[in-house]
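In the working numbering, the protein residues as written are 510 to 756. Note that beta-carbon positions come from the ideal geometry of N, C-alpha and C, so glycine has one too. Down below is the structure, laid out as structure tokens.
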Amino acid sequence: MIRSRRLVFASFVLAFVTAAPALAADCKALPSWKELKEALTKARKMDNGGLNLDMWATLVNRDGEVCAVTFTGEDRGSQWPGSRVISAQKANTANAFSLPKLALSTANLFSAVQPGGSLFGLQESNPVDVRAAYDGDPKRFGQTNDPMVGKKIGGVNVFGGGLALYTKKGVLVGALGVSGDSSCADHNIAWQTRKLLALDHVPAGVSLTKDDDVVYLAGKEAPNGFKHPTCGGKENTIVLPSVSKIE
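See the structure below:
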């Protein structure tokens, strides 16, 4: 009888621990859910080229833990459902491959991961945690209690929409991922969102302007360096604001 009670108790404890939520991620250095939503909504309304679609956005801290997920449409179905996880994947990528002294956007990685490129296979290196990405009540998707919050989603994305986040002092605090339109428009919207959040104090990058802006391939130019293809719209004609200087 005693042994049976111990087994029951042990099973109860195990079930409780398994069901307990993950420890809260350290998100103090990042914008709140409300601030992210407001900035994303403003950026989405700007002239970004692309298809003029509603967007998803995700913030991760420097450890790759999700701190906020939001969208711009009326509800979670107003933008591509698949872009929720893609936005988290982009944020993870920009954070994972940016450094305190060198920022790499997801757009910067496109050419290098193509067959024969110097980073070919990179997109297979850090797979998405499928359970963390798709778990939970869909009604919470994009809300303050989105099931991804506090979890490490992982994943590597190699087209536009992911940007590292740097404070006024140039401190790298995490990354932003945006998805829902063409990858080129995603980059533009992410860029404008980061600017509105005042986290664009980029120390250095591989673009022509020495930051992490997209560098477009010309015409039939083969993938090379840190370049990204155009998307067929006018995204590549949009003049984006310069990054802010480190104070």
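With contacts defined by Cβ atoms closer than 7 Å, L706 and A603 do not form a contacting pair. The residue from Y675, E756, S716, N697 with its alpha-carbon nearest to that of G558 is N697. Positions of the alpha helix (DSSP H) runs, each at least 4 residues long and wholly inside the segment 586 to 627, are given as 592 to 605 in order along the chain. If the five residues before and after S692 are omitted, its C-beta is found closer than 8 Å to the C-beta atoms of A616, F668, G669, G670, H737, C740, all from its own chain and listed in chain order. Taking the Cβ atoms as the reference, F735 lies roughly 20 Å from V748, outside the contact range of under 8 Å. Residue state for N745 is assigned as helix, using DSSP reduced to three classes.
The beta carbon of R649 is closer than 7 Å to those of D655, P656 in its chain, skipping five residues each way along the sequence. For C693, the enclosing alpha helix (DSSP H) covers residues 692 to 705. Going by DSSP, T550 is part of the alpha helix (DSSP H) stretching over 542 to 553. Annotated three-state conformation of L562 is coil, per DSSP. The DSSP-derived three-state label of V667 is coil.
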